Amino acid sequence: MSFSDEIRNIRQSCFLSQDSFAKALDASFSTINRWETGKTIPNCMMMGKIAQFCKENGISYQAADKAWKECRNGSGSKE
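What follows is the structure, encoded as structure tokens:
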């Protein structure tokens, strides 16, 4: 599964809109939208916020972290 799919799954598992998820992460709607469409990936600071969000909401974070690392290394799928 791609990183963009993992981010979408995290958001949807909490029944959040992109706007609500953005507010929870102190990000903008457009940032979340770009992540979910595969146009960009989060930086290290934002991945920390995503990890914390997952921990606080009992969501598995490992798949998203693995997909993010693959994108950063250039071996992930490009959407």
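What the sequence shown shows, in this note's numbering, is residues 51 to 129, in sequence order.
Cβ atoms here follow ideal geometry from the backbone N, Cα and C, with glycine treated the same way.
Note that this is a predicted model, so its numbers are computed, not measured.
For a cut-off of 8 Å, the C-beta gap from F53 to A114 is around 7 Å, short enough to register as a contact. Relative to the Cα of C94, the nearest Cα in the group A74, R84, W118 and F65 belongs to W118. When the beta-carbon positions are compared, I91 and R122 come within less than 8 Å of each other. Separation of A77 and Q102 (C-alpha to C-alpha, rounded to the nearest whole angstrom) is 14 Å.
Annotation: G108 is outside any alpha helix (DSSP H) and is labelled neither H nor E by DSSP. No residue range can be given for C64, since it is assigned to no alpha helix (DSSP H) and is classified by DSSP as neither H nor E.
In the three-state scheme derived from DSSP, where H, G and I count as helix and E and B as strand, I100 is classed as helix. Sequence-distant Cβ neighbours of D69 in its own chain, meaning closer than 6 Å and more than five residues away, are F79.
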